[in-house]
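Residues 12 to 538 (my numbering) make up the sequence shown, in order.
Glycine included, C-beta positions come from ideal geometry on N, C-alpha and C.
Notes follow the structure.
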Amino acid sequence: MHLKGEIIACIVVVIIIASIMALTNPYHAQAWGASGVEVLWVQYSNPSSGSDGPYATCLANDSLIVVGYDSIPGGKQFRIEARDPWTGQLRNNWTYNPGYGYEGLWDCDVMGGYIYSVGYGYPSYVLRVDPGLTSYMIENVGGWATSITSYNGYLYVGGFDWIAGNQVFRVEKLNADLNTVDTYISQGSRDVFATLHSLGVNPVTGQLWGVGYISNPAKGILEWWIEIVDPESMTLVKTIRPGIPGRAYAVFFDGDGYAYIIGDGDYIVRFNRNGDLVKKINLGVLSLSLYKGGLVGDLVVVAGEENNGGYWRHVIYLLDKDLNSIGNKTLSGSVDSYMYTGKLWINGSRVYLAGYDNQLGNTRWVIYSFEVVGAPITTATTTTTTTVTNGVVSQPVTITKTETTTVTQVSTVTLTKDSPTILTTTKTETITIEKTVSTTLTVTQRITVAGNITNITSVGDHAPMIIVVAIASIIAVLTIFVLKGSRRDATTRATGMQRSFRHGIRFRCKSIPHIGRAGECRSLCRV
Numbered sequence: 012m013h014l015k016g017e018i019i020a021c022i023v024v025v026i027i028i029a030s031i032m033a034l035t036n037p038y039h040a041q042a043w044g045a046s047g048v049e050v051l052w053v054q055y056s057n058p059s060s061g062s063d064g065p066y067a068t069c070l071a072n073d074s075l076i077v078v079g080y081d082s083i084p085g086g087k088q089f090r091i092e093a094r095d096p097w098t099g100q101l102r103n104n105w106t107y108n109p110g111y112g113y114e115g116l117w118d119c120d121v122m123g124g125y126i127y128s129v130g131y132g133y134p135s136y137v138l139r140v141d142p143g144l145t146s147y148m149i150e151n152v153g154g155w156a157t158s159i160t161s162y163n164g165y166l167y168v169g170g171f172d173w174i175a176g177n178q179v180f181r182v183e184k185l186n187a188d189l190n191t192v193d194t195y196i197s198q199g200s201r202d203v204f205a206t207l208h209s210l211g212v213n214p215v216t217g218q219l220w221g222v223g224y225i226s227n228p229a230k231g232i233l234e235w236w237i238e239i240v241d242p243e244s245m246t247l248v249k250t251i252r253p254g255i256p257g258r259a260y261a262v263f264f265d266g267d268g269y270a271y272i273i274g275d276g277d278y279i280v281r282f283n284r285n286g287d288l289v290k291k292i293n294l295g296v297l298s299l300s301l302y303k304g305g306l307v308g309d310l311v312v313v314a315g316e317e318n319n320g321g322y323w324r325h326v327i328y329l330l331d332k333d334l335n336s337i338g339n340k341t342l343s344g345s346v347d348s349y350m351y352t353g354k355l356w357i358n359g360s361r362v363y364l365a366g367y368d369n370q371l372g373n374t375r376w377v378i379y380s381f382e383v384v385g386a387p388i389t390t391a392t393t394t395t396t397t398t399v400t401n402g403v404v405s406q407p408v409t410i411t412k413t414e415t416t417t418v419t420q421v422s423t424v425t426l427t428k429d430s431p432t433i434l435t436t437t438k439t440e441t442i443t444i445e446k447t448v449s450t451t452l453t454v455t456q457r458i459t460v461a462g463n464i465t466n467i468t469s470v471g472d473h474a475p476m477i478i479v480v481a482i483a484s485i486i487a488v489l490t491i492f493v494l495k496g497s498r499r500d501a502t503t504r505a506t507g508m509q510r511s512f513r514h515g516i517r518f519r520c521k522s523i524p525h526i527g528r529a530g531e532c533r534s535l536c537r538v
């Protein structure tokens, strides 16, 4: 019986050590949870009795910024709201009326702790505000500005302009003080009007991608149009005409430089970094228009509006990076709800999204915070080494295994002296790992010692192996107690590990497409 108990104990020790080594290995296998969307909060804002609407969200200094417009007598004006990102509660708002009648803010970005936004009208505007909305700077930019992004300390404002009777793409390069550095103006395509809706920076090549559409109603032309621009020389790199009907509304990228473009209808298209089409899909929902998108880990998140049950509704679709559909979720209820261009903002697994509805007989702001659950789950470990002398715990030294994306985890180590005192240290931190995850891992270890623990330290590139050795030593001590306990029929203690995963819920819905976007310049305002 003693031999059998020892064999079982040895097998258990081997399994535990192998598991620990797998956890500390940066190339260990990854598990997938059930993917879905969990709505965290929804907030509404109805600042006027007229038409009000938001376009984009940005996050800066723990402040959620939403930009758009509200109504005033005789027209519309810029409106920015600063909200608590955890609850959505309004902290402050800022309005500005340039005085031309119908103005609104289309998009925003964050650089150097400031929020930058672009406003439509002719002339157009670019402005800078602090996250508390207490001070601002505003300047004119050329053409009709619709999108803004930043790269290497510069701002890039995308839109369109009129050159020799042609409507063409325009990108203006500015410094942080809103001074124009350079301008790119497309040659366009003869006899068509080109409209840029979204401007993004490829993280691998550093090139600017402007996406939108070309149109000529007399010739029946309405299709996607893409231009790639070098941000240094501000010259054209490549023009892409993929032959996809409708309008392209947004472009975003993954870490490998692949571009994802969405727009009218249910098209989602993936290009490589050189601008070559890799894959084009239809979601099979003809009533769908997609306006915003991004990536949470390896999951593609797109948002738009579709008609379902007689109402336009806000909807989210999830796909993998190969554009295989994973699921969808309807966000709004039995009220006409709409969306338009401008960024959604992603922070870890949380997404902030703005749209508008017609619940009160006039359009009002609708702001969502939701979490994407079920992204690839990578397990990481954190070991805290502590010196204990006469029941006193010294300042903990934490060794963290680092990889490449963001995950939040909690690590707890409990030490029990031979007295009844239990000394516990808990550390919550954000580390980086290879894939974005949406999970909380709690590790608890209880160690019983008869004397003092001293001089346990570990640093440097060998942290994973030191972690394994340290934990293996603990297991060895525990195994001795197990073996002794089996001979004496005593009770045993062991370490336990618990993992908890949240699972999303998949939803399915259908609707009908939004029409009437023609009319070019003025119809772009959606007012």
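Between the stretch 240-250 and the stretch 258-278 there are fewer than three inter-stretch CB-CB distances shorter than 8 Å, so the stretches are not counted as touching. Take the alpha-carbon of residue 95 and the one of residue 65: they are about 16 Å apart. As DSSP reads the structure, residue 106 sits in a beta bridge with 90.
The stretch 110-117 and the stretch 140-148 do not touch, with fewer than three beta-carbon pairs separated by less than 8 Å. The residue from 244, 199, 182 and 194 with its alpha-carbon nearest to that of residue 220 is 182. For residue 336 and residue 287, the gap between their C-alpha atoms comes out near 22 Å. Take residue 352, set aside five residues on each side of it, and the residues of its chain with a beta-carbon closer than 6 Å to its own are 208, 260 and 302, in chain order. Listed as beta-bridge partners of residue 294 by DSSP are no residues whatsoever. Taking residue 357 as reference, the option from 311, 370, 316 and 372 with the minimal CA-CA separation is 311.
Following the DSSP letters along the chain, one finds residue 203 in no beta strand (DSSP E), marked with neither H nor E. By the neighbour-count definition (other C-beta atoms within 10 Å, threshold 16), residue 166 is a buried residue. By the beta-carbon neighbour count (other beta carbons within 10 angstroms, threshold 16), residue 371 is exposed. Here the alpha carbon of residue 306 sits roughly 12 Å from the alpha carbon of residue 384.
Per DSSP, the continuous beta strand (DSSP E) segment holding residue 250 begins and ends at 246-251. Taking a contact to require three or more Cβ pairs closer than 8 Å, the stretch 175-191 and the stretch 314-330 do not qualify as touching.
Nearest to residue 49 by alpha-carbon distance, out of 328, 136 and 368, is 328. The C-beta separation of residue 297 from residue 315 comes to about 13 Å, leaving the pair out of contact by the 8 Å criterion. A straight line joining the alpha-carbon of residue 308 with that of residue 85 spans about 45 Å.
For residue 178, the enclosing beta strand (DSSP E) begins and ends at 177-185. The three-state secondary structure of residue 134, taken from DSSP, is coil. Residue 101 and residue 227 have their C-alpha atoms spaced approximately 43 Å apart. Taking a contact as a CB-CB distance under 8 Å, the pair residue 347 and residue 319 does not count as one, their CB atoms being some 11 Å apart. Here the C-alpha atom of residue 78 lies approximately 35 Å from the C-alpha atom of residue 229. For residue 54, the uninterrupted beta strand (DSSP E) run begins and ends at 47-56, by DSSP.
Between residue 295 and residue 274, the gap from beta carbon to beta carbon reaches 9 Å or more. Take the alpha-carbon of residue 75 and the one of residue 365: they are about 11 Å apart. Cβ neighbours of residue 89 within its own chain (closer than 7 Å, five residues either side excluded): 80, 106, 107, 114, 115, 116 and 130.
For residue 227, the enclosing beta strand (DSSP E) has its first and last residue at 219-227.
For residue 283, there is no enclosing beta strand (DSSP E), as DSSP marks it with neither H nor E.
Taking 8 Å as the upper bound for CB-CB distance, residue 262 and residue 211 are in contact here, some 5 Å apart. Shown here, residue 340 sits in a strand according to DSSP, grouped into three states.
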